[in-house]
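Peer 1: Below is a structure I'd like to ask you about.
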Amino acid sequence: MSDGSDAGVGKPARVEFGQLKSEDAVRRTANALVANGIPAIVAESRSEARDLVRSLLPGGAEVFNNTSRTLQSAGVDDDIERSGRYQPLRLRLYQMDREMQAREMRSLAASPDYVVGSVHAVTEGGSLLIASASGSQLGPIVSGAGHVILIVGGQKIVPDVDAGIRRIYEYSWPLEDQRAREVYGVPSGVNNILIINRAVAEARITTILVNEILGF
Amino acid sequence: MSLFDYDNRPATPGIILAGTAISAEAYRIRDFLSRNSLQYEWVEITDTQRVRALLGNGDFMTLPLPVCILPDGTRLSPATLEQVASGLGMDSGPLLSEYDLAVVGAGPAGLAAGVYAASEGLRTLMVEAVAPGGQAGTTSMIENYLGFPNGISGGELATRAVAQARRFGAEILLARPFVGLEPESDVYQCQLSDGTTFLARTILLASGVEWRRLEVPGVEDLLGAGVYYGAGPSEAIGCSGGQVVVVGGGNSAGQAVVRFSRYASRVVLVVRSDHLASSMSKYLSDRIAAIPNIEVRTGSEVVGVHADGYLREVLIEARDTSASDSVGADALFICIGGVPRTDAVRSVGLAIDDSGYIPTGRDVGSFGSSHLWSMSRPPLLLETSLPGLFAAGDVRRGSIKRCAAAVGEGSMSVALIHQRLAEIGGE
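Quick note, the sequences are listed as chains R and S, same order. Numbering-wise (the working numbering), the first sequence opens with residue -16 and increments by one. Numbering-wise (the working numbering), the second sequence opens with residue 2 and increments by one.
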């Protein structure tokens, strides 16, 4: 595995990792995820995925939406932050005093009732790979959050974990780095990678595999 | 800062508010958005680069200020607080025509009553003029509230209470002042500022207090232009590196100086009494004494301000010697106690004491009202001179001005409200 230096920066994203995989591959992957204790639902489109998220989130739930192009393009961010159906944690954290309420902010961000996010790769063997520059979203996904819902575009399916790591470095990172420079004015980095091979707590993590290209 | 996920900023567009630093209306809107936990970006109109980046290359310099752009793209110019609240969909009416309980004010007392009443199945409507939390809602850190060993901010406490009340089914109307009521046999006809009416079988007045005005020439003209009542969260970051003066000797003033000391280079606390400990909790006065960039001026008062359209200096006078000196100030926060909010109920002739507080229970008989107590039983513990109209929290005569005490009164009122509802039938 690379050490997370600047191996991917400046290089174009590898096109093969951005191509939608076959419906067969999606189905195989879904079955493998289920076998690993991670319920998987296949959605035909981003709007179906959005409806599924709505049906999975109880009204009034405390929800953290991870920064994700997938969530943004599926309209899930809008639902969480603007519909009034949930308690959006991001809005709450944003309003808090960084100096006086740092401890409260840490606890809130670390243990939401629900986290909704995405992954950077999912293997046909049913492993999930998520890269993170700060690592802040990884703790809640591993164990902090009560429930985790991950929406995954059909182009993120890879044969195995090695290919998943290559996808992160050769596809997701260059695109995310470009986005971070545009939006935040700073580079991104593959500083942390989470690999979930199996979920022990039954049905804590739910994946929605979408037969459509979504996110990085 | 970057990155895949480091940034906790909301993912959806927020509200953009552009104007001049000296605009009182812009300050009202900022304070309202901030206290309602609504995400917004404030842009000084003089920052042309930022204005263009956020608002595009339009003719913003010629638009009436402040300009507010809502998340759906609606542009308000000049924006008013009422337009902003309405544009954000905060003007929906009550869902029912009649409620078992109407709570006036969503501070600690009102929120506690809302939670308990709704959890016990009462049809409960809460009406709040500005934002949840009341005076406590703007407090940066309450460290002696039971159950929070590391402290909790007033805003966070209010956010949790609102979620809790809603979960039990209470309705909460925000940015909707309660303006009047009329007794009609065993119910009250209630009216909101926009003309909305509804019936309530009982009412809890938990409208709290507003900040007492500082009677110093020039201060009112600078409202929003460096002078602020209370110490709302919207202005704290704006004090970074600056000099701040806070007036007041209570816990609100104490919590404000601790908060500002994190941002400002120097904070001066002006207190009329000779000892801080006489009006402030010891943990706070100890904390203040240990913070090097806070200067406490006891036995002193603010007697003047100097400004050039925006506050520049505050004149402080020692009460015993009348010696005065000017302190450079980028902001003056006034936290000098409260005046009870009772305007909405004065027209019905409710008994009110000389300071404007509402007597309840045994106290009722000692104060005049335009009507006689009409029941064979005496008023219940938190009942006012009108049967079925209760009062709790800071607005009540004799209440202890502490957040936990207000929560206690709000909670207790629900047991008394049950008694009243049983009396008029239908419980």
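Ideal placement from N, C-alpha and C gives every residue a C-beta, glycine not left out.
Determine, using beta-carbon pairs with one atom in the segment 183 to 190 of chain R and one in the segment 132 to 145 of chain R, whether at least three such pairs fall under 8 Å.
Peer 2: Contact between the segment 183 to 190 of chain R and the segment 132 to 145 of chain R is present, because at least three Cβ pairs lie under 8 Å.
Peer 1: Taking Ala32 (chain R) as the reference, which of R:Gly42, R:Ser56, R:Gly147 and R:Ser66 has the closest Cα?
Peer 2: Residue 32 (chain R) sits at position 49 when you count from the first residue of the first sequence. Comparing Cα-Cα distances from Ala32 (chain R) to each of R:Gly42, R:Ser56, R:Gly147 and R:Ser66, the minimum goes to R:Ser56.
Peer 1: Quick one: any contact between the segment 187 to 207 of chain S and the segment 373 to 392 of chain S, if contact means 3 or more CB pairs under 8 Å?
Peer 2: Touching, yes.
Peer 1: In terms of alpha-carbon separation, which member of S:Thr63, S:Glu129 and S:Arg168 lies closest to Arg177 (chain S)?
Peer 2: On the second sequence, residue 177 (chain S) is found 176 positions in, with the first residue counted as 1. Considering only alpha carbons, the answer is S:Glu129.
Peer 1: What do you reckon, is the C-beta of Val125 (chain R) under 8 Å from a heavy atom of the ligand GTP?
Peer 2: Within the structure as shown, the ligand GTP is missing, as the structure has no ligands at all.
Peer 1: For Gly225 (chain S), I'd like the list of residues in its chain whose CB is within less than 8 Å of its CB, leaving aside the five on either flank, ordered along the chain.
Peer 2: To locate residue 225 (chain S), count along the second sequence from 1; it is residue 224. Cβ within range, chain order: Ile23, Ser24, Ala25, Glu26, Ala27, Tyr28 and Arg29.
Peer 1: Could you tell me which chain S residues have their CB closer than 7 Å to the CB of Ala44 (chain R), listed as they occur along the chain?
Peer 2: What you label residue 44 (chain R) is simply residue 61 of the first sequence in a count that begins at 1. Result: empty, since nearest Cβ-Cβ is about 10 Å, beyond 7 Å.
Peer 1: Are the beta-carbon atoms of Leu285 (chain S) and Gly305 (chain S) separated by less than 9 Å?
Peer 2: Working through the second sequence from its first residue, we reach residue 285 (chain S) at position 284. Working through the second sequence from its first residue, we reach residue 305 (chain S) at position 304. No. Outside cutoff.
Peer 1: Taking the CB atoms as reference points, tell me whether Ile335 (chain S) and Leu215 (chain S) lie closer together than 9 Å.
Peer 2: For the purposes of this step, residue 335 (chain S) is taken as the residue at position 334 of the second sequence. For the purposes of this step, residue 215 (chain S) is taken as the residue at position 214 of the second sequence. For Ile335 (chain S) and Leu215 (chain S), yes; Cβs fall inside 9 Å.
Peer 1: Hey, would you say Ala393 (chain S) sits closer than 9 Å to Tyr146 (chain S), going by beta carbons?
Peer 2: Along the second sequence, one-based indexing puts residue 393 (chain S) at 392. Along the second sequence, one-based indexing puts residue 146 (chain S) at 145. No, Cβ-Cβ distance for Ala393 (chain S) and Tyr146 (chain S) is not below 9 Å.
Peer 1: Within the 9 Å Cβ cut-off, does Gly88 (chain S) reach chain R?
Peer 2: Locating residue 88 (chain S) in the second sequence gives position 87, where the first residue counts as 1. Taking Cβ atoms only, chain R never reaches closer than 9 Å to Gly88 (chain S), which makes this a no.
Peer 1: Just the Cα atoms here: how many angstroms apart are Ala162 (chain S) and Ser35 (chain S)?
Peer 2: As a position in the second sequence, residue 162 (chain S) is number 161, starting the count at 1. As a position in the second sequence, residue 35 (chain S) is number 34, starting the count at 1. Approximately 17 Å between the Cα atoms of the pair.
Peer 1: Check the Cβ of Asp60 (chain R) against every Cβ in chain S and list those closer than 9 Å, keeping chain order.
Peer 2: Translated into the one-based positions of the first sequence, residue 60 (chain R) becomes position 77. Here the neighbours are Pro11, Ala12 and Thr13.
Peer 1: Give the single residue among S:Gln84, S:Glu83, S:Ala19 and S:Ala265 whose Cα lies nearest to the Cα of Arg53 (chain S).
Peer 2: Position 52 of the second sequence, counting from 1, holds the residue named residue 53 (chain S). The shortest Cα separation from Arg53 (chain S) among S:Gln84, S:Glu83, S:Ala19 and S:Ala265 belongs to S:Ala19.
Peer 1: Using a 10 Å radius around the Cβ and a threshold of 16 neighbouring Cβ atoms, would you call Lys139 (chain R) buried or exposed?
Peer 2: Mapped onto the first sequence, residue 139 (chain R) falls at position 156. The residue is buried, with at least 16 neighbouring Cβ atoms inside 10 Å.
Peer 1: I believe Phe0 (chain R) touches Glu153 (chain R) by the beta-carbon criterion, under 8 Å. Please report the beta-carbon distance rounded to the nearest angstrom.
Peer 2: Along the first sequence, one-based indexing puts residue 0 (chain R) at 17. Along the first sequence, one-based indexing puts residue 153 (chain R) at 170. 6 Å between Cβ atoms; contact.
Peer 1: In chain order, what residues of the segment 139 to 155 of chain S put their CB closer than 8 Å to some CB of chain R?
Peer 2: Result list: Ser141, Met142, Asn151, Ile153 and Ser154.
Peer 1: Mind listing the chain S neighbours of Ala92 (chain R)? Cutoff is C-beta to C-beta under 9 Å, in chain order.
Peer 2: Reading the first sequence from its first residue, position 109 is the one you call residue 92 (chain R). In chain order: Asn9.
Peer 1: What do you reckon, are the CB atoms on Gly339 (chain S) and Lys402 (chain S) nearer than 9 Å?
Peer 2: Walking along the second sequence from the start, residue 339 (chain S) turns up at place 338. Walking along the second sequence from the start, residue 402 (chain S) turns up at place 401. Cβ atoms of Gly339 (chain S) and Lys402 (chain S): closer than 9 Å.
Peer 1: Can you list, in chain order, the residues of its chain whose CB lies under 6 Å from that of Asn180 (chain R), leaving out five sequence neighbours each side?
Peer 2: For the purposes of this step, residue 180 (chain R) is taken as the residue at position 197 of the first sequence. Same-chain partners within the cutoff: Ser110.
Peer 1: Does the distance from the CB of Ala332 (chain S) to the CB of Leu312 (chain S) come in under 9 Å?
Peer 2: Residue numbering aside, residue 332 (chain S) sits at position 331 when the second sequence is read from its first letter. Residue numbering aside, residue 312 (chain S) sits at position 311 when the second sequence is read from its first letter. Yes, Cβ-Cβ distance for Ala332 (chain S) and Leu312 (chain S) is below 9 Å.
Peer 1: Does Ser3 (chain S) come out as helix, strand or coil in the three-state DSSP assignment?
Peer 2: For the purposes of this step, residue 3 (chain S) is taken as the residue at position 2 of the second sequence. Caution applies to Ser3 (chain S), whose pLDDT of 30 falls short of 50 and renders its modelled position unreliable; the value that the coordinates give is listed next. Ser3 (chain S): coil per DSSP, three-state reduction.
Peer 1: For Met2 (chain S) and chain R, any beta-carbon pair shorter than 9 Å?
Peer 2: Walking along the second sequence from the start, residue 2 (chain S) turns up at place 1. The pLDDT assigned to Met2 (chain S) is 31, lower than 50, so where the model puts this residue is not dependable; a value taken from the coordinates is nonetheless given after this. Yes, because at least one Cβ of chain R sits closer than 9 Å to the Cβ of Met2 (chain S).
Peer 1: State yes or no: is the beta carbon of Tyr189 (chain S) nearer than 9 Å to at least one beta carbon in chain R?
Peer 2: Position 188 of the second sequence, counted from the start, is the residue given in the question as residue 189 (chain S). Chain R contact via Cβ: absent.
Peer 1: If we define contact as Cβ-Cβ less than 9 Å, is Arg73 (chain R) a contact residue for chain S?
Peer 2: Position 90 of the first sequence, counted from the first residue, corresponds to residue 73 (chain R). Chain S contact via Cβ: present.
Peer 1: Cutting at 6 Å between CB atoms, please list the residues of its own chain near Gly147 (chain R), excluding the five before and the five after it.
Peer 2: As a working mapping, residue 147 (chain R) is identified with position 164 in the first sequence. Cβ neighbours of Gly147 (chain R) beyond the five flanking positions: Ala104, Thr106, Leu112 and Val141.
Peer 1: Just to confirm my understanding: we take Gly42 (chain R), look at its own chain, exclude 5 residues before and 5 after, and list those with CB closer than 6 Å. What are they?
Peer 2: On the first sequence, position 59 is the one that residue 42 (chain R) refers to. Contacts found: Arg68.
Peer 1: Can you name the start and end residues of the alpha helix (DSSP H) that Ile425 (chain S) belongs to?
Peer 2: Stepping through the second sequence from its first residue, residue 425 (chain S) is reached at position 424. First-last of the alpha helix (DSSP H) with Ile425 (chain S): Cys404 to Ile425.
Peer 1: Along the beta strand (DSSP E) that carries Val193 (chain R), what are the first and last residues, could you check?
Peer 2: On the first sequence, residue 193 (chain R) is found 210 positions in, with the first residue counted as 1. From DSSP, the beta strand (DSSP E) with Val193 (chain R) extends over Ile188 to Val193.
Peer 1: Using a Cβ-Cβ distance under 9 Å, would Thr50 (chain R) count as near chain S?
Peer 2: Looking up residue 50 (chain R) in the first sequence gives position 67. Closer than 9 Å: yes.
Peer 1: On a CA-only basis, which of R:Leu40, R:Asp62 and R:Ala114 is nearest Pro1 (chain S)? Give me that one, please.
Peer 2: In the structure displayed, chain S extends from 2 to 428; residue 1 (chain S) sits before or after that span and is not available.
Peer 1: Indicate whether Val328 (chain S) and Val247 (chain S) have their beta-carbon atoms separated by less than 9 Å.
Peer 2: Position 327 of the second sequence, counting from 1, holds the residue named residue 328 (chain S). Position 246 of the second sequence, counting from 1, holds the residue named residue 247 (chain S). Not a contact, by the Cβ cut-off of 9 Å.
Peer 1: Let me know the secondary structure DSSP gives Phe199 (chain S) once reduced to three states.
Peer 2: As a position in the second sequence, residue 199 (chain S) is number 198, starting the count at 1. DSSP places Phe199 (chain S) in strand when its eight states are reduced to three.
Peer 1: Across which residues does DSSP place His130 (chain R) in a beta bridge pair?
Peer 2: Here residue 130 (chain R) refers to the residue found at position 147 of the first sequence. Its beta-bridge partners are R:Tyr97.
Peer 1: So which residues on chain R does Arg298 (chain S) lean against when the C-beta distance must stay under 8 Å?
Peer 2: Stepping through the second sequence from its first residue, residue 298 (chain S) is reached at position 297. By Cβ distance, chain R contributes nothing, its closest Cβ being about 24 Å from Arg298 (chain S), past 8 Å.
Peer 1: Between Arg314 (chain S) and Asp32 (chain S), what straight-line distance do the alpha-carbon atoms span, to the nearest angstrom?
Peer 2: Counting from 1 along the second sequence, the entry for residue 314 (chain S) is found at position 313. Counting from 1 along the second sequence, the entry for residue 32 (chain S) is found at position 31. A quick correction: the sequence has Glu, not Arg, at residue 314 (chain S). Computed Cα separation, rounded: 23 Å.
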